[in-house]
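The sequence shown lines up with residues -23 to -1, 1 to 261 when you count with mature numbering (1 follows the signal peptide of the UniProt record, and there is no 0). Cβ coordinates follow ideal geometry from the N, Cα and C atoms, glycine included. Only one structure is covered here, and it is reproduced in the block below.
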Amino acid sequence: MRRGAARALVLAACLSASALATAAAAACAPPGDQALAAKYTTAVTNFAAPSEKQLSTLQMHADGRFRWYDLPPLPYPEIAGCWRRSGDTVVLVLGAPDGGDGVKRSMPVAWTQADLNQVRREGVQTIQQAVDAGLLAAGRVWAHQDRKAGEPVRVKLYEPTIGAPPGDAKVSLRLRDGRIVEGAAVPDEAQVIDNRPGPSGGEYLFASLPADAAVQAIGIRFPNQPDRPRWVGVEDRTKLLYMIEFDARATASLFGGTMTLIVNVDGSLSPAPPDRGEPFVRVP
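This is the structure:
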């Protein structure tokens, strides 16, 4: 993919482990140069039709917030965060659109009798038998199934929009007795939870939990933000599987880093090398 074509995708995940990334999750710091607060436009490539471009708008606010919208639907039609001037450049850092941590628990819909009827055959008369035979995905059963003493617990960490992998993220469980247990990343070839929308990765196994273990929260540390742990609370009974959805815009899960724009004399902003995207033209 050419750099100009990939610019929107890169920005959709550009966060760093620096203080800028931390600021993007909360209130934005003063931008350092309110004179740059304005509306800008730039053409971006439509990933669904690479030969086409569409005009997008970048709104930089005086309080340090920015909003980039009218983007192609994939990976994200709109992204936002904080901006700050640094010398002759502007640094853009993304945050979760809702101001949150960019992670949440997802509960898949349980399999129904209608689903079973579609795969029913000799020896497969129950949903569990269909799961054991590989005809129905195990995740949609385990996410609703209470853990029994001695059973392992799994966590599936996934990005639902473009299937961005979580990289070398670390996942742990906080138990109600205060103990914290780190999970083992499952190799791609050994994973058993649905790898959709793809790619694979992001499955973690907790094979040796105490018999009476009760999960209180699930902790995630993303590789590009190791000093910013995120916790997802658990209020129901301990399950065999927890599906955790993450937002690539808020967790630095594609490329990490930040997007830097050069401030030009004519008031426009140009992507700093090695990015060769088109400039952001200031709207009068």
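- Linking S245 to C5 through their CA atoms gives a straight-line distance of about 22 angstroms.
- Here A184 is near P129, since their CB atoms are less than 7 angstroms apart.
- The beta carbons of D10 and S33 sit about 22 angstroms from each other, so the pair does not count as a contact at 8 angstroms.
- Secondary structure of I104 (DSSP, three-state): helix.
- In the pairwise beta carbon analysis, the stretch 121 to 135 is classified as touching the stretch 201 to 216: at least three pairs are separated by under 8 angstroms.
- Sequence-distant partners of D40 (beyond 5 residues in either direction) whose C-beta falls short of 7 angstroms from its own C-beta, in its chain, are C5.
- Beta-bridge analysis with DSSP links D92 to no other residue.
- V211 places its beta carbon 7 angstroms or farther from that of V242.
- Here the alpha carbon of R207 sits roughly 15 angstroms from the alpha carbon of R226.
- Between the stretch 16 to 33 and the stretch 48 to 65 there are three or more C-beta pairs closer than 8 angstroms, enough to call the two in contact.
- With a 10 Å radius around the Cβ and a threshold of 16 neighbouring Cβ atoms, E136 comes out buried.
- With contacts defined by Cβ atoms closer than 7 angstroms, F223 and G79 form a contacting pair.
- Annotation: L134 to P85 spans about 13 angstroms, alpha carbon to alpha carbon.
- In the three-state reduction of the DSSP assignment, T18 falls in the strand class, which pools E and B.
- The alpha carbon of K30 has as its nearest neighbour, out of Q36, A20, M37 and H38, the alpha carbon of A20.
- Taking the Cα positions, A87 is about 34 angstroms away from P203.
- Within 10 angstroms of the beta-carbon of A110 lie fewer than 16 other beta-carbons, which makes it exposed.
- Distance from V67 to V240 at the Cβ level is roughly 6 angstroms; contact confirmed, criterion being Cβ atoms closer than 8 angstroms.
- With a 10 Å radius around the Cβ and a threshold of 16 neighbouring Cβ atoms, E99 comes out exposed.
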